[in-house]
Amino acid sequence: MVDAATFSSDTSAIIDAFETPLEFNFQLPDPEDETIQDHDFQQQLDSFWQVCDRFDLQTEIWRGRILRAIRDREKQGGDSRGTGFLNWLKQREITKSQAYALIQLANSADTLLAEGQLDPDSINNFSKRAFVETAKSAPEIQKLVSDAARQGERITRREVKQLADEWTAMSSDLLPDEVKEKASDGSLPARHLAPLVKELEKLPDTHIDTLRQEIAANPDVDTVKLITSEARSLAKYLDAAAQVQTLRRGNLDIEMALEEALRVDCLNTAADLVKQATQLEQAVAKLYTTWKRLGSLSDRLYVDTGASNPHLRSMLTCLESLTSEVIEVELDEGGQKMVRLRIISDGGS
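The numbering of the sequence shown is numbering that gives the first Met the number 0, which starts it at 0 and goes up by one.
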């Protein structure tokens, strides 16, 4: 059990680490003062904005810790329903989702500090969003971001994404060495490689090997973009084709069809084709289920009503074009275009 002196000491240390100004008294530059250069004007406002960012981050971390303490105290008291915690939130107009988002932020901060991934003195270098993104990242990325913050760099979401992309590019086994060398010397920006790795991870090894050879032969930005697009289309094709029942019943060799699509340079069209086929099958299944449900409800309403309910009976009559075996739907308001679908169900109702 933690004694009062230890608790007070720990709290003071944390407060020192997250020390924030209690008042804001910014002297904002006058927008109408033409003697201030635009660069200086923007720089002053940016510095004030960063202070606000730091204040937001630290305040919300502490709010999360407070909420966590209230929740845990109630659990300790044996109230499994959490009514006291919910009432506390209600009094302060905080939703449950907002509360748990703040608690998660506090948990992330404490975890990063406890594991030594983050120096308390470096927290002020983070924007709020960057800190949240860092907390959700892999440990390796957290270390890269923390090292950058420790060196005094200003960390925004852009920096977190850049470091994450660099780590993805350099650590992935899917990229050939020629590409990694280009990435390490800066001639091939890592931001182009992360999407490529993401798409390659969706593909079977047989397709990955071919794409890796193409990239290794021409490790430049244009090739990377082209292969990323091709990998995305490949993944979309393979995923959609596997879901189309009509293709499975036809004993089609999906891989051979894919090779032919690649040979005649129409992979995107083939991928869109099977995707649309998947959507059509799903739409037909939903149509049939809805049609059956509509018919069932119509029959029930007919039984429950009689001649004394002429308007309800009239409604049922109007809906017969949707509940009968042949469905009729007008495609335009003038009734010039109409689609008729006949439903023939095998296998019973």
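Using N, Cα and C, we set each Cβ at its ideal position, and we do this for glycine too. Remember, predicted model here, so these are calculated numbers, not experimental data.
State the CB to CB distance for the pair residue i and residue j, rounded to an integer number of angstroms; the pair is presumed to be in contact (CB under 8 Å).
{"i": "residue 263", "j": "residue 218", "result": "About 27 Å separates the two Cβ atoms, so there is no contact after all."}
{"i": "residue 213", "j": "residue 189", "result": "That pair is no contact at about 19 Å."}
{"i": "residue 130", "j": "residue 233", "result": "Between residue 233 and residue 130 the Cβ distance is about 37 Å, and since that is not below 8 Å, they are no contact."}
{"i": "residue 270", "j": "residue 239", "result": "7 Å"}
{"i": "residue 111", "j": "residue 141", "result": "7 Å"}
Just to confirm, are residue i and residue j a CB contact at a threshold of 8 Å?
{"i": "residue 327", "j": "residue 337", "result": "yes"}
{"i": "residue 59", "j": "residue 135", "result": "no"}
{"i": "residue 105", "j": "residue 64", "result": "yes"}
{"i": "residue 227", "j": "residue 198", "result": "yes"}
{"i": "residue 144", "j": "residue 173", "result": "no"}
{"i": "residue 169", "j": "residue 186", "result": "no"}
{"i": "residue 305", "j": "residue 322", "result": "no"}
{"i": "residue 66", "j": "residue 35", "result": "no"}
{"i": "residue 159", "j": "residue 132", "result": "yes"}
{"i": "residue 223", "j": "residue 195", "result": "yes"}
{"i": "residue 83", "j": "residue 73", "result": "yes"}
{"i": "residue 40", "j": "residue 25", "result": "no"}
{"i": "residue 167", "j": "residue 147", "result": "no"}
{"i": "residue 124", "j": "residue 151", "result": "yes"}
I need the DSSP call for residue i, collapsed to helix, strand or coil.
{"i": "residue 243", "result": "coil"}
{"i": "residue 70", "result": "helix"}
{"i": "residue 332", "result": "coil"}
{"i": "residue 178", "result": "helix"}
{"i": "residue 84", "result": "helix"}
{"i": "residue 233", "result": "helix"}
{"i": "residue 125", "result": "strand"}
{"i": "residue 114", "result": "coil"}
{"i": "residue 104", "result": "helix"}
{"i": "residue 207", "result": "helix"}
{"i": "residue 35", "result": "coil"}
{"i": "residue 21", "result": "For residue 21, the predicted model reports a pLDDT of 49, less than 50, meaning its position is unreliable; a value from the coordinates is still stated below. Coil, per DSSP."}
{"i": "residue 261", "result": "helix"}
{"i": "residue 327", "result": "strand"}
{"i": "residue 93", "result": "coil"}
{"i": "residue 154", "result": "strand"}
{"i": "residue 340", "result": "strand"}
{"i": "residue 42", "result": "helix"}
{"i": "residue 200", "result": "coil"}
{"i": "residue 218", "result": "coil"}
{"i": "residue 304", "result": "coil"}
{"i": "residue 321", "result": "helix"}
{"i": "residue 249", "result": "coil"}
{"i": "residue 185", "result": "coil"}
Measuring only the C-alpha atoms, how far is residue i from residue j?
{"i": "residue 252", "j": "residue 149", "result": "56 Å"}
{"i": "residue 332", "j": "residue 261", "result": "43 Å"}
{"i": "residue 307", "j": "residue 329", "result": "31 Å"}
{"i": "residue 43", "j": "residue 99", "result": "35 Å"}
{"i": "residue 237", "j": "residue 210", "result": "16 Å"}
{"i": "residue 61", "j": "residue 108", "result": "10 Å"}
{"i": "residue 343", "j": "residue 249", "result": "21 Å"}
{"i": "residue 340", "j": "residue 247", "result": "24 Å"}
{"i": "residue 69", "j": "residue 273", "result": "53 Å"}
{"i": "residue 154", "j": "residue 207", "result": "35 Å"}
{"i": "residue 116", "j": "residue 181", "result": "29 Å"}
{"i": "residue 94", "j": "residue 88", "result": "7 Å"}
{"i": "residue 215", "j": "residue 171", "result": "14 Å"}
{"i": "residue 285", "j": "residue 320", "result": "18 Å"}
{"i": "residue 221", "j": "residue 38", "result": "35 Å"}
{"i": "residue 291", "j": "residue 310", "result": "23 Å"}
{"i": "residue 118", "j": "residue 258", "result": "53 Å"}
{"i": "residue 6", "j": "residue 27", "result": "In this predicted model, residue 6 has a pLDDT of only 44, less than 50, meaning its place in the structure is not dependable enough to derive any value."}
{"i": "residue 345", "j": "residue 325", "result": "16 Å"}
{"i": "residue 225", "j": "residue 202", "result": "16 Å"}
{"i": "residue 121", "j": "residue 191", "result": "29 Å"}
{"i": "residue 300", "j": "residue 96", "result": "42 Å"}
{"i": "residue 288", "j": "residue 282", "result": "10 Å"}
{"i": "residue 33", "j": "residue 114", "result": "50 Å"}
{"i": "residue 318", "j": "residue 296", "result": "11 Å"}
{"i": "residue 71", "j": "residue 90", "result": "18 Å"}
{"i": "residue 334", "j": "residue 312", "result": "24 Å"}
{"i": "residue 85", "j": "residue 75", "result": "16 Å"}
{"i": "residue 298", "j": "residue 137", "result": "57 Å"}
{"i": "residue 368", "j": "residue 50", "result": "In the structure as shown, the chain starts at 0 and stops at 348, and residue 368 therefore has no counterpart that could be examined."}
{"i": "residue 255", "j": "residue 204", "result": "16 Å"}
Can residue i be considered in contact with the ligand PLP, in the sense that its beta carbon sits closer than 7 Å to one or more heavy atoms?
{"i": "residue 295", "result": "No copy of the ligand PLP occurs in the structure displayed, which carries no ligand at all."}
Should the region 273–289 be called in touch with the region 230–246, which here means at least 3 C-beta pairs below 8 Å?
At 8 Å Cβ cutoff, the stretches touch.
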